[in-house]
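Asks: When you line the sequence shown up against numbering that gives the first Met the number 0, it's residues 0 to 335, in that order.
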Amino acid sequence: MEDHRIRVLEPPEGIPASNMPVLRPLLDRLITTLGTTSVAAGVFVVLGVLQAVSGRYGIAAPTFLLCFMTPVSLYFGYVVFAGSLPMRKLSAKPFRLVSGLDGAVVAGSRVSVPLDGRWLIVRLPAPLRAQFAAQRRLWVLGPFVLLPGVIGPRRGAFRDAPVKDSAPLVAEPVTPGRMLTLQRRLLASYYLLGVGITVVAGAFALWVSFDFPDRGSLIVPNMRVLAVLCGLATIGLGITALVVARPSPEPRWTELAVVSGPASVNLFGMVTLKGRTVLPGGREVTVQAAGSDPSLAANIAATGRLWVLGEPVTGKMAKAGVPGHAVFGQVKFGRS
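1. Out of THR285, GLY309, VAL78 and PHE43, which has the shortest C-alpha to C-alpha gap to TRP252?
2. Between the C-alpha atoms of ASN221 and ALA39, what's the straight-line distance to the nearest angstrom?
3. The beta strand (DSSP E) that contains ALA256, what's its start and end?
4. Do SER351 and SER17 have their CB atoms nearer than 8 Å?
5. Going by beta-carbon coordinates alone, are ARG6 and GLY268 separated by less than 8 Å?
6. Roughly how many angstroms lie between the CA atoms of ASP213 and LEU231, to the nearest whole one?
7. At what residues does the beta strand (DSSP E) containing THR180 begin and finish?
8. What is the C-beta distance between TYR194 and ALA240, in whole angstroms, given that I count them as a contact (C-beta under 8 Å)?
9. Between which residues of its own chain and LEU65 is the CB-CB distance below 8 Å, once the five residues before and five after are set aside?
10. Can you give me the C-alpha to C-alpha distance between VAL227 and TYR56, rounded to a whole angstrom?
11. Roughly how many angstroms lie between the CA atoms of LEU8 and ILE234, to the nearest whole one?
12. Rounded to whole angstroms, what is the Cα-Cα separation between LEU186 and LYS331?
13. Is VAL224 buried or exposed, if buried means 16 or more other CB atoms sit within 10 Å of its CB?
14. Could you round the C-beta distance between LEU305 and LEU255 to whole angstroms and report it? I think they count as a contact, below 8 Å.
15. So PRO322 and PRO175 are supposed to be a Cβ contact under 8 Å. How far apart are they, rounded?
16. Here's the rule I'm using: 16 or more other beta-carbon atoms within 10 Å means buried, otherwise exposed. How should ASN338 be labelled?
17. Shortest alpha-carbon distance to PRO261 belongs to which of VAL277, SER208 and GLY303?
18. Counting C-beta neighbours from all protein chains within 10 Å, is the total for VAL264 16 or more, i.e. buried, or is it exposed?
19. Does DSSP put GLY328 in a helix, a strand or coil?
20. When we look at the beta-carbon of PRO70 and count the other beta-carbons within 10 Å, is it buried (16 or more) or exposed?
21. Beta carbon of SER294, beta carbon of GLY148: below 8 Å?
22. Taking the alpha carbon of ALA244 as the point to measure from, which residue in LEU179, PRO152, ASP292 and ALA103 has its own alpha carbon closest?
23. Does DSSP put LYS318 in a helix, a strand or coil?
24. So, are the CB atoms of SER37 and PHE67 less than 8 Å apart?
25. Measuring CB to CB, does GLN329 end up less than 8 Å from LYS318?
26. Alpha carbons only, please: which of THR31, PRO93, MET19 and ALA125 is nearest the one belonging to PRO142?
27. Helix, strand or coil: which one does DSSP assign to MET0?
Here it is as C-alpha cells:
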C-alpha cells in the first residue's frame with residue numbers, strides 16, 4: 000500500500016503561502032513583537048541622548064544606552080521592514096518549488112542559485128547549506144527562500160552574477176550525525192555571541208557604577224549587581240557553548256506518532272504545540288514542543304510525527320528534530 004503520510008513540512012504548491020501552517024501567524028507576531036522592541040529600544044536611545052546633553056549622569060550611563068540600544072533598535076527595525084513585512088505582503092502568492100539546481104555555487108555562507116536568467120544570492124548557515132547540497136531543492140517567493148522542513152523564510156537578492164570567487168556547491172548526502180553536529184555548532188555560536196554581549200554589558204555596568212555622579216543613587220549598587228550577574232551569565236554561556244559544540248556520535252532516532260492540535264504562536268513569537276504520544280513501552284503521555292526551533296513544532300503539527308534522539312523518558316526533556324533537515328530543538332514528555 001502506498002504511504003501518503005506527510006514526511007516534512009513544506010509550502011502548499013500552487014496555493015497562497017498564507018495557507019502554510021503557522022507561517023502567517025508567525026509573521027504577524029514577529030511584526031508586532033519585534034516592531035515594539037525596536038520602538039522601545041529607540042526610546043532608550045533618545046533617553047541616552049538626553050542624559051548626555053544634560054551632563055548630570057556622567058559619561059558611562061548615556062554611553063551604555065547609546066551603544067546597546069542603538070544596534071537593538073536598528074536591527075529589529077531592519078528585520079521587520081526588510082523581512083517580516085515584505086514576506087507578509089507576498090504571502091497571498093504561492094511559493095514556487097525549484098529543484099535540480101546543479102548550477103548552484105557557494106562562497107562562504109552565501110549561496111548563488113541560477114534562477115530565471117539571474118542569480119538569487121542568499122546567506123545560509125552551515126546546516127541549511129548542507130541540507131541544500133543534499134536535496135538540491137528550495138521554495139522561492141520573490142526574494143525569499145524556504146528549505147523543506149524550515150518555517151522561517153530567508154531573504155536573498157537577485158543579481159546579474161554570482162558572488163565573486165564562488166565554487167560549485169557539490170551535491171553530497173548529509174548523514175544525520177553530520178547534520179546534528181552542524182546544528183550544535185551553530186547553536187554554540189549563538190551562545191558565544193551571548194558571551195560577547197554579556198561581557199560588554201558587564202563592563203559597561205561596572206563603568207557606570209564607578210562613573211555615576213550621584214554616589215548615593217540606587218543606580219550605583221544596582222549596576223554592580225548587574226555586573227556580577229553578567230559575569231555569571233558569561234561563565235554559564237561559555238560552558239554551555241563548549242558542551243554543545245562537542246562532536247556528536249551518529250544519532251539513533253526514535254520515531255513517535257503524535258496526536259495534537261495545530262501549532263500556535265505565543266506572545267514572544269515562539270511556535271508551541273501540545274499533544275499526546277505513545278512511548279515505545281506502550282505508555283501514553285503528553286508531549287510539548289516550544290521555544291528553541293519554531294520549525295520543530297510546526298513539523299510535528301504538519302506530519303503527526305516526532306523524531307527523538309535516543310529513548311524518550313516520561314517527565315524528561317528530549318532532543319528532537321527531523322532527520323536530514325536543519326530542524327533541531329527540544330520537547331518535553333509528561334508523566335501521563
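Even for Gly, the Cβ is constructed at its ideal location relative to N, Cα and C.
Replies: On the basis of the coordinates in this document:
1. Stepping through the sequence shown from its first residue, residue 252 is reached at position 253. For TRP252, the nearest C-alpha among the options comes from GLY309.
2. Counting from 1 along the sequence shown, the entry for residue 221 is found at position 222. Counting from 1 along the sequence shown, the entry for residue 39 is found at position 40. Cα to Cα, the separation comes out at about 21 Å.
3. The residue labelled residue 256 in the question sits at position 257 within the sequence shown. According to the DSSP assignment, ALA256 belongs to the beta strand (DSSP E) that extends over 252 to 259.
4. The structure shown does not extend to residue 351, since the chain is modelled only from 0 through 335, so no value can be given for it.
5. Residue mapping note: residue 6 aligns to position 7 of the sequence shown, counting from 1. Residue mapping note: residue 268 aligns to position 269 of the sequence shown, counting from 1. At the C-beta level, ARG6 and GLY268 stay beyond 8 Å of one another.
6. Residue numbering aside, residue 213 sits at position 214 when the sequence shown is read from its first letter. Residue numbering aside, residue 231 sits at position 232 when the sequence shown is read from its first letter. Roughly 27 Å separates the two Cα atoms.
7. By 1-based counting over the sequence shown, the position of residue 180 is 181. Looking at the DSSP string, THR180 is not in any beta strand (DSSP E); the run it does join, the alpha helix (DSSP H), is 175 to 210.
8. Locating residue 194 in the sequence shown gives position 195, where the first residue counts as 1. Locating residue 240 in the sequence shown gives position 241, where the first residue counts as 1. Per the sequence presented here, residue 194 reads as Val, with Tyr not at that position. So it is a contact: roughly 7 Å between Cβ atoms.
9. The residue you call residue 65 lines up with position 66 of the sequence shown. So the list reads VAL44, GLY47, VAL48 and ALA51, once near-sequence residues are dropped.
10. On the sequence shown, position 228 is the one that residue 227 refers to. On the sequence shown, position 57 is the one that residue 56 refers to. Cα to Cα, the separation comes out at about 22 Å.
11. Within the sequence shown, numbered from 1, the residue matching residue 8 stands at position 9. Within the sequence shown, numbered from 1, the residue matching residue 234 stands at position 235. Straight-line Cα distance between these residues: approximately 37 Å.
12. The residue you call residue 186 lines up with position 187 of the sequence shown. The residue you call residue 331 lines up with position 332 of the sequence shown. Going by the C-alpha atoms only, they are around 19 Å apart.
13. Position 225 of the sequence shown, counting from 1, holds the residue named residue 224. VAL224 should be labelled exposed.
14. Mapped onto the sequence shown, residue 305 falls at position 306. Mapped onto the sequence shown, residue 255 falls at position 256. Contact holds; Cβ gap of about 5 Å.
15. Here residue 322 corresponds to residue number 323 of the sequence shown, with the count starting at 1. Here residue 175 corresponds to residue number 176 of the sequence shown, with the count starting at 1. Rounded to whole angstroms, the Cβ separation of PRO322 and PRO175 is 5 Å, and the two are in contact under 8 Å.
16. This structure cannot settle anything about residue 338, because the visible part of the chain is limited to 0 through 335.
17. As a working mapping, residue 261 is identified with position 262 in the sequence shown. When C-alpha distances from PRO261 are compared across VAL277, SER208 and GLY303, the shortest belongs to GLY303.
18. Mapped onto the sequence shown, residue 264 falls at position 265. Looking at its Cβ environment, which holds 16 or more other Cβ atoms inside 10 Å, VAL264 is buried.
19. The residue you call residue 328 lines up with position 329 of the sequence shown. Of the three classes helix, strand and coil, the one that applies to GLY328 here is strand, per DSSP.
20. As a position in the sequence shown, residue 70 is number 71, starting the count at 1. Answer is exposed; the Cβ neighbour count stays below 16.
21. Numbered from its first residue, the sequence shown carries residue 294 at position 295. Numbered from its first residue, the sequence shown carries residue 148 at position 149. Yes; because the gap between Cβ atoms is below 8 Å, this pair is in contact.
22. Along the sequence shown, read from residue 1 onward, the residue named residue 244 stands at position 245. Closest by alpha carbon: LEU179.
23. Against the sequence shown, residue 318 aligns to sequence position 319. Strand, per DSSP.
24. Residue 37 sits at position 38 when you count from the first residue of the sequence shown. Residue 67 sits at position 68 when you count from the first residue of the sequence shown. Cβ distance not < 8 Å, so SER37 and PHE67 don't count as in contact.
25. As a position in the sequence shown, residue 329 is number 330, starting the count at 1. As a position in the sequence shown, residue 318 is number 319, starting the count at 1. Yes; because the gap between Cβ atoms is below 8 Å, this pair is in contact.
26. As a first step, residue 142 must be located in the sequence shown, where it is residue number 143. The shortest Cα separation from PRO142 among THR31, PRO93, MET19 and ALA125 belongs to PRO93.
27. As a working note, residue 0 is residue 1 in the sequence shown. Caution is warranted here: a pLDDT of 41 is assigned to MET0, below 50, making its placement in the model unreliable, and no coordinate value can be reported.
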